[in-house]
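Sequential numbering from 1 applies to the sequence shown in our numbering. See below for the structure under consideration.
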Amino acid sequence: MFPVEFNKGSKALVVTGTKQAVLWHHRYGHLHSKGLKVLSTKEMVLGLPEVGEFEVCEGCLYGKQTRASFPTGKAWRAGKILELLHADLCGPMSTSSLGGTKGLPDSFWSEAIATAVYVLNISPTRAVQDVTPFEAWRGKKPRVGHLWVFGCIAYALVNLRTKLEEKSEKFIFIGYSHQSKAYRLYNPTKKNSGD
Ligand SMILES: [Zn+2]
1 MFPVEFNKGS KALVVTGTKQ AVLWHHRYGH LHSKGLKVLS TKEMVLGLPE VGEFEVCEGC
61 LYGKQTRASF PTGKAWRAGK ILELLHADLC GPMSTSSLGG TKGLPDSFWS EAIATAVYVL
121 NISPTRAVQD VTPFEAWRGK KPRVGHLWVF GCIAYALVNL RTKLEEKSEK FIFIGYSHQS
181 KAYRLYNPTK KNSGD
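Structure follows, in structure tokens:
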């Protein structure tokens with residue numbers, strides 16, 4: 001849906017207008033434009049530019065469609081706890097609909113949920129006024145300049161034995177590391193992941 005190519009050293013992707021708004025909408029796990037506006041005008045986070053309105057997001061349309069056909073009440077029961085949690089967060093969606101990248105196995109639910117929770121903690125919520133849950137808990141504003149789109153393609157330099165043997169490999173971004181300021185990446189060729 002919105003693949004972004006990253007190179008080591010180039011952190012910012014220069015985009016303008018609607019494209020920028022949609023990019024932040026995706027980085028923020030499909031947060032509505034009103035929420036993004038609140039974050040920026042109330043200066044609740046650091047590193048978020050002023051983003052305007054955007055029209056249609058394919059992922060959101062798909063999500064709404066899936067939710068509309070989702071049986072309510074007793075008729076539907078989650079098969080697993082994670083399924084239920086995720087249904088509560090975003091409605092039933094496949095991991096591929098979260099980021100749009102094909103090749104990400106559906107066993108990536110836990111990564112998808114961890115990323116959704118990470119983003120929710122730096123989003124506006126009714127639970128606390130004018131601050132994010134992150135700030136309410138830690139007493140400082142979160143930085144958001146490092147946010148990536150879940151499921152996007154990332155190119156990272158892989159160190160072989162020597163500097164000369166360094167090469168760029170293709171990965172899929174699957175979340176944020178809890179131990180360090182790092183990304184969790186999945187290698188679709190080798191079918192493994194790590195920080
Ligand atoms: Zn969306």
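All C-beta atoms in this analysis are idealised placements derived from N, C-alpha and C, irrespective of residue type, glycine included.
Over what stretch of residues does the beta strand (DSSP E) that includes E55 continue unbroken?
-> Premise fails: E55 is in no beta strand (DSSP E) and is neither H nor E.
From A78 to E169, what does the alpha carbon distance come to, in whole angstroms?
-> In this predicted model, A78 has a pLDDT of only 38, less than 50, meaning its place in the structure is not dependable; the value taken from the coordinates is given anyway. One C-alpha to the other measures close to 37 Å.
Select from P188, Y183 and T132 the residue whose C-alpha is nearest the C-alpha of E43.
-> Nearest Cα to E43 within the set P188, Y183 and T132: T132.
If you run the structure through DSSP and keep just helix, strand and coil, what is E111?
-> When DSSP states are grouped into helix, strand and coil, E111 belongs to the helix group.
Let me know the secondary structure DSSP gives A154 once reduced to three states.
-> Collapsing the DSSP output to three states places A154 in a strand.
Relative to the C-alpha of I172, which residue among G194, L39 and P142 is closest?
-> G194
Using three-state DSSP, classify V144 as helix, strand or coil.
-> In this structure, V144 counts as coil in the three-state DSSP scheme.
Measuring CA to CA, which of T189, L157, S40 and Q129 is closest to R143?
-> S40
Can G145 and L46 be called in contact, C-beta distance under 9 Å?
-> yes
Report the rounded CA-to-CA distance for Y176 versus N187, giving the unit in angstroms.
-> Those two C-alpha atoms are separated by around 15 Å.
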